[in-house]
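K.L.:
Numbering (our numbering), first residue to last: 430 to 1156. This is the structure I want to talk about, given as structure tokens.
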């Protein structure tokens, strides 16, 4: 594992009791009065678009235009400044130069404003210090006056349930309301989410375009949506997390309320990370750590808006899950093969139909049709729709699978007959309480009005193109029970934690010598081979005689961490002569490679029994803190790159899941006559390492136990090396 020597600075969470006011967002959608600063009724101006959206949404409260050079806007008196308004103002929309806004917030406070939409740009998204300083001033003013600032550099918000929509984009007419809440740090993606959901009939509850997030951030909006009874599923486009700990707590709240989070998180590539920083000033954490966090919190990560929409639609209509399997009806053998390949790739089973189901299908289908899953209902099903209807009835009644999909090849099939089949599937969906029923399309195509109308009229889930939404749906429901189950891993005693803290506190920083690392891990119940640090060959020989050959020799110095690279390790030493020669060789190699090293000693250890070597380490993520890394191969971990990651602390069920994610996990079950390995002991070790990392994260920079030797089932594991680096 490559160690990070960069100084680690832990970011403190801002989600404290005094920040609870940020979650009170009712005034965003239900203000008593609104002021638009920078008002203009010029066609196409953002102010005019926003005013039009407010009026068309049915708002009947006062809207105060504010502009220093205009007498009238929208046919009504225009105020020169906010302070000239002779009434309280709940919500203020700013469309003026950013440098004027921090001072203007004081005027908003005098009018008892609760919310400010700052659509203006020119803040931290710019390169250079000026924009960042201005954004800090904006944040300080908002915090002082407890004004919930949305933005800056955003498009605003939309309510689909009759509330106010302060949004700088044209809204669809009609607007399809529903149980999907959306958040986007990008204005362009906010528009994309709006268009995709509306055209595909996925009704929205509300949409937040969060922009630079100077005050309110994505986690605040998600918190609001988690508690919103009209929202069942939440989708978000995320560039970076401003307050990682706040996101973790909000994700836990969503998990507690079983409200799925579907996130499109960018920043996998180095170029993407650079783009995100320049766009919003966000700090993007390590992507592999974020993937691990999403798994732990049961957050669904998607790769496109299409995948987000289809996944959300499935979760909105979720049904009880038993085995996570599916059945399909297609109209050709090639389509059925295509379905099979994709679902096998994604780990979604396609069980064979019951004998009773096969019997019914043989009565329905032509004699030459096979009764496999996926089912090729043949071209006759196009000609005789009763074949399709009876086939649908039969497979919806099948108990062998949790989900049923009718496969339509494209929207070109959405003629009169195919519409009848789709409508029949929609009826089945509405009448089937214990089975998920949906339609799958082969391609994602441009929208046609009649198709959009079908989406809006019929709630049946329709998936386009990919099969990933089915995988996402199954994984969410399967993991839901596991992540909510009590953690049975036990707890460390305060005395143990205190002893280790004192041990770490005695070191000024840098790398601990290996023997101290073993002592620390032994406090957490992580065993290592019998060993002793020896100052001479004679002392080493005496210890080897007491524990028995063969033994291993390793330099034990805080100044030398990469021992193998300089010839400071000798294994399988079987007699006194070999031990003495190896001792002298190691000492000579270390003096040559590290002439400044002082007080050189050698750790002598009993050679461990055979087993499977793995790596257990800790990566200190810049945003989320200690992440635990498990890898196959021990010293070959960097070559094999077969790893799994979770954020500390790791529950035992999560540790077992990590082991199962490794490509080489089948080795633990026994391979070519070798005995099964002690997977339970390895899981316990992962849990213990994660606790150590979490409990002492303020002192740790990194840690490696490499290799961990997993012994035969029932015989535990041994830490063969222990490297701890302190800050």
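All C-beta atoms in this analysis are idealised placements derived from N, C-alpha and C, irrespective of residue type, glycine included. A quick note: this is a predicted structure, and the numbers were derived from the prediction, not measured.
Let me check understanding here. Comparing Cα to Cα, which of 670, 825, 1069, 461 lies closest to residue 858?
P.N.:
For this step, residue 858 is matched to residue 429 along the chain shown. When each option's Cα is compared against that of residue 858, the closest is 825.
K.L.:
For a quick check, are the C-beta atoms of residue 836 and residue 757 less than 8 Å apart?
P.N.:
Locating residue 836 in the chain shown gives position 407, counting from the first residue. Locating residue 757 in the chain shown gives position 328, counting from the first residue. Yes, the Cβ-Cβ distance between residue 836 and residue 757 is below 8 Å.
K.L.:
Using the three-state DSSP reduction, which class does residue 861 fall into: helix, strand or coil?
P.N.:
Here residue 861 refers to the residue found at position 432 when the chain shown is read from its first residue. Taken through DSSP and simplified to helix, strand or coil, residue 861 comes out as coil.
K.L.:
Drop a sphere of 10 angstroms on the beta-carbon of residue 827, count the other beta-carbons inside from all chains shown, and report buried for 16 or more, exposed for fewer.
P.N.:
What you label residue 827 is simply residue 398 of the chain shown in a count that begins at 1. Residue 827 should be labelled buried.
K.L.:
With respect to the beta strand (DSSP E) encompassing residue 835, which residues constitute its N-terminal and C-terminal limits?
P.N.:
Within the chain shown, the letter at position 406 stands for residue 835. Residue 835 -> beta strand (DSSP E) spans 832 to 837.
K.L.:
Exposed or buried, which one is residue 964 when buried takes at least 16 other CB atoms within 10 Å?
P.N.:
Locating residue 964 in the chain shown gives position 535, counting from the first residue. The residue in question, residue 964, is exposed, as its Cβ has fewer than 16 Cβ neighbours within 10 Å.
K.L.:
In three-state DSSP terms, what is residue 1080?
P.N.:
Numbered from 1 along the chain shown, position 651 holds the residue referred to as residue 1080. In the structure shown, residue 1080 sits in coil (DSSP, three-state: anything other than H, G, I, E or B).
K.L.:
If I'm right that residue 752 touches residue 908 with Cβ under 8 Å, what's the distance once you round it to whole angstroms?
P.N.:
As a first step, residue 752 must be located in the chain shown, where it is residue number 323. As a first step, residue 908 must be located in the chain shown, where it is residue number 479. About 15 Å separates the two Cβ atoms, so there is no contact after all.
K.L.:
Return the Cβ separation of residue 980 and residue 1008 in integer angstroms, given the expectation that the two are a contact with Cβ distance under 8 Å.
P.N.:
In the chain shown, the residue the question calls residue 980 occupies position 551. In the chain shown, the residue the question calls residue 1008 occupies position 579. With a contact defined as Cβ atoms closer than 8 Å, residue 980 and residue 1008 qualify at about 7 Å.
K.L.:
When you compare only the Cα positions, how much space is there between residue 483 and residue 742?
P.N.:
Reading the chain shown from its first residue, position 54 is the one you call residue 483. Reading the chain shown from its first residue, position 313 is the one you call residue 742. Cα to Cα, the separation comes out at about 28 Å.
K.L.:
Between residue 690 and residue 651, is the Cβ-Cβ spacing less than 8 Å?
P.N.:
Walking along the chain shown from the start, residue 690 turns up at place 261. Walking along the chain shown from the start, residue 651 turns up at place 222. Cβ atoms of residue 690 and residue 651: closer than 8 Å.
K.L.:
Can you give the Cα-Cα distance for residue 710 and residue 625, rounded to whole angstroms?
P.N.:
By 1-based counting over the chain shown, the position of residue 710 is 281. By 1-based counting over the chain shown, the position of residue 625 is 196. Reliability fails at residue 710, whose pLDDT of 33 lies under 50, so the model's placement of it is uncertain and the value that follows must be treated cautiously. About 27 Å.
K.L.:
What did DSSP end up calling residue 1087 once you bin it into helix, strand or coil?
P.N.:
Residue 1087 sits at position 658 when you count from the first residue of the chain shown. In this structure, residue 1087 counts as helix in the three-state DSSP scheme.
K.L.:
Among 891, 863, 478, which has the Cα closest to the Cα of residue 872?
P.N.:
Locating residue 872 in the chain shown gives position 443, where the first residue counts as 1. Cα-wise, what sits closest to residue 872 is 891.
K.L.:
Classify residue 652 as helix, strand or coil using the three-state DSSP reduction.
P.N.:
Against the chain shown, residue 652 aligns to sequence position 223. Correct three-state label for residue 652: helix.
K.L.:
Does the Cβ-Cβ distance between residue 695 and residue 644 come in under 8 Å?
P.N.:
As a first step, residue 695 must be located in the chain shown, where it is residue number 266. As a first step, residue 644 must be located in the chain shown, where it is residue number 215. For residue 695 and residue 644, no; Cβs fall outside 8 Å.
K.L.:
Let me know the secondary structure DSSP gives residue 769 once reduced to three states.
P.N.:
Residue 769 sits at position 340 when you count from the first residue of the chain shown. Looking at residue 769 - three-state DSSP - the assignment turns out to be helix.
K.L.:
Which residue comes first and which comes last in the beta strand (DSSP E) that contains residue 666?
P.N.:
For this step, residue 666 is matched to residue 237 along the chain shown. Per DSSP, residue 666 belongs to the beta strand (DSSP E) from 662 to 667.
K.L.:
Report yes or no: do the segment 1022 to 1030 and the segment 669 to 686 share at least 3 C-beta pairs separated by less than 8 Å?
P.N.:
no
K.L.:
In or out: residue 713 buried (at least 16 other Cβ within 10 Å) or exposed?
P.N.:
Sequence index remark: in the chain shown, residue 713 carries index 284 (1-based). Bear in mind that a pLDDT of 33 at residue 713, under 50, signals an unreliable position, so the number given afterwards is only what the model happens to contain. Residue 713 comes out buried.
K.L.:
For residue 770, which of 990, 803, 492 has the nearest alpha-carbon?
P.N.:
The count along the chain shown starts at 1 and reaches residue 770 at position 341. The residue with the shortest Cα to Cα distance from residue 770 is 803.
K.L.:
Please go through the same chain and pick out, in chain order, the residues whose beta-carbon is closer than 8 Å to the beta-carbon of residue 564, but skip the five residues on each side of it.
P.N.:
Within the chain shown, residue 564 is the residue found at index 135, counting from 1. Result list for residue 564: 552, 553, 581, 641, 643, 710, in chain order.
K.L.:
Should residue 544 and residue 456 be called a contact, given that it needs their Cβ atoms to be closer than 8 Å?
P.N.:
For the purposes of this step, residue 544 is identified with residue 115 of the chain shown, where counting begins at 1. For the purposes of this step, residue 456 is identified with residue 27 of the chain shown, where counting begins at 1. It is a contact, given that the beta carbons lie within the stated cut-off.
K.L.:
Can you check whether the CB of residue 1125 is closer than 8 Å to the CB of residue 933?
P.N.:
The sequence position of residue 933 within the chain shown is 504, counting from 1. The sequence position of residue 1125 within the chain shown is 696, counting from 1. Yes, Cβ-Cβ distance for residue 933 and residue 1125 is below 8 Å.
K.L.:
Evaluate residue 1001 with the Cβ neighbour count: other Cβ atoms within 10 Å of its Cβ, from every protein chain shown; 16 or more gives buried, anything less gives exposed.
P.N.:
Locating residue 1001 in the chain shown gives position 572, counting from the first residue. By the neighbour-count rule (16 or more Cβ atoms within 10 Å), residue 1001 is not buried but exposed.
K.L.:
With burial defined as no fewer than 16 other Cβ atoms inside 10 Å of the residue's Cβ, what is the status of residue 721: buried or exposed?
P.N.:
Start at 1 with the first residue of the chain shown, and residue 721 comes out as number 292. Residue 721 comes out buried.
K.L.:
Taking only three categories from DSSP, how would you classify residue 493?
P.N.:
Stepping through the chain shown from its first residue, residue 493 is reached at position 64. Correct three-state label for residue 493: strand.
K.L.:
Can you give the beta carbon distance from residue 960 to residue 904, rounded, assuming they're within the 8 Å contact cut?
P.N.:
Numbered from its first residue, the chain shown carries residue 960 at position 531. Numbered from its first residue, the chain shown carries residue 904 at position 475. Contact flag wrong, Cβ pair sits at about 43 Å.
K.L.:
When you compare the CB positions of residue 868 and residue 834, do they come within less than 8 Å of one another, or not?
P.N.:
Translated into the one-based positions of the chain shown, residue 868 becomes position 439. Translated into the one-based positions of the chain shown, residue 834 becomes position 405. Closer than 8 Å, so yes.
K.L.:
Leaving out five residues before and five after residue 1080 in sequence, what residues of the same chain have Cβ atoms less than 8 Å from its Cβ?
P.N.:
Numbered from its first residue, the chain shown carries residue 1080 at position 651. Cβ neighbours of residue 1080 beyond the five flanking positions: 916, 918, 1116.
K.L.:
Assign residue 1047 to one of three DSSP states: helix, strand, or coil.
P.N.:
Position 618 of the chain shown, counted from the first residue, corresponds to residue 1047. In the structure shown, residue 1047 sits in a strand (DSSP, three-state: E or B).
K.L.:
Whole angstroms are fine: how far does the CA of residue 499 sit from the CA of residue 587?
P.N.:
Taking the first residue of the chain shown as position 1, residue 587 is located at position 158. Taking the first residue of the chain shown as position 1, residue 499 is located at position 70. Cα to Cα, the separation comes out at about 28 Å.
K.L.:
Would you list, in sequence order, the uninterrupted alpha helix (DSSP H) runs of no fewer than 4 residues that lie entirely inside the segment 491 to 549?
P.N.:
530 to 539
K.L.:
Would you call the CB atoms of residue 1032 and residue 994 closer than 8 Å?
P.N.:
Within the chain shown, numbered from 1, the residue matching residue 1032 stands at position 603. Within the chain shown, numbered from 1, the residue matching residue 994 stands at position 565. Contact flag unset, no.
K.L.:
Can you give me the C-alpha to C-alpha distance between residue 862 and residue 748, rounded to a whole angstrom?
P.N.:
Start at 1 with the first residue of the chain shown, and residue 862 comes out as number 433. Start at 1 with the first residue of the chain shown, and residue 748 comes out as number 319. Computed Cα separation, rounded: 7 Å.
K.L.:
So, for residue 1064: in the same chain, excluding its five sequence neighbours on each side, which residues have a beta-carbon less than 7 Å away from its beta-carbon?
P.N.:
In the chain shown, residue 1064 corresponds to position 635, counting from 1. Correct list, in chain order: 1135, 1136.
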